[in-house]
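A.B. asks: Numbering (my numbering), first residue to last: 793 to 1022.
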């Protein structure tokens, strides 16, 4: 479940990441600035909703519109409040949650007020960190920074929630002469500590003069919490 709670946000960030790299190394076919802005807003807005009283209202209202059969209901409701709840209460039996009104099983939805105080503070902190996703030069039309005839680069900062906490990364696509690269630095964090990560990729090295055959290779090295715990 911990992977599933954050799975809705991670594709948004991955979409931005892959498109930024692709548009840096290839002629851009159309403007994607609105897509990058939307992806950043989507992540922040989901955190905004999850830290508001609206998440409590949805917990109370939504069950009356859901199937009484637990097999046909949403498995979590608001992903981010459920994510925080399970990280701060990993050993709590699922059946301890409120009963589902008018049906079988439990109300799986978690509102902001259901979180322990430290969980509320942590979620509010994550909401603030999600603003880092707006620090993307491409949102503002800066697709490439040229420093000389042989070198150009761009930079992208991303905040991504993970099953054990979060990942804050700095991605640097760059080009030296006709060689295409990307370099990334990560800070993986749980509630107790932070762990480093680095990635490097060489993009589309031509194996033939015609350029019809090429190869890309990458290397990643990182540390993460033991047993992936929060």
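A virtual CB, placed ideally from N, CA and C, is assigned to each residue, including glycine.
All values derive from a computational prediction rather than experimental measurement.
Just the C-alpha distance for residue 1010 and residue 842, rounded to the nearest angstrom, thanks.
C.D. replies: 36 angstroms
A.B. asks: Considering just the uninterrupted stretch of the beta strand (DSSP E) at residue 979, what are its terminal residues?
C.D. replies: Residue 979 -> beta strand (DSSP E) spans 971–981.
A.B. asks: With distance defined between alpha-carbon atoms, name the residue in 885, 838, 928 and 890 nearest to residue 961.
C.D. replies: 928
A.B. asks: Within 10 angstroms of its Cβ, does residue 965 collect 16 or more other Cβ (buried), or is it exposed?
C.D. replies: buried
A.B. asks: From what residue to what residue does the alpha helix (DSSP H) around residue 827 run?
C.D. replies: 825–842
A.B. asks: Going by other Cβ atoms of all chains shown within 10 Å of its Cβ, with 16 needed for buried, is residue 1023 buried or exposed?
C.D. replies: Since the first residue of the chain shown is 793 and the last is 1022, residue 1023 is not available in this structure.
A.B. asks: Since residue 991 is in the beta strand (DSSP E), which residue starts that stretch and which ends it?
C.D. replies: Its beta strand (DSSP E) spans residues 986–998.
A.B. asks: Which partner residues does residue 1010 have in the DSSP bridge list?
C.D. replies: 993
A.B. asks: Which of helix, strand or coil does DSSP assign to residue 898?
C.D. replies: strand
A.B. asks: Let's test the definition: count the other Cβ atoms within 10 Å of the Cβ of residue 974 and tell me whether it reaches 16, buried, or not, exposed.
C.D. replies: Answer is buried; the Cβ neighbour count reaches 16.
A.B. asks: Do residue 809 and residue 963 have their C-beta atoms closer together than 8 angstroms?
C.D. replies: yes
A.B. asks: Just checking, does the segment 890–904 make contact with the segment 851–863 on the three C-beta pairs under 8 angstroms criterion?
C.D. replies: yes
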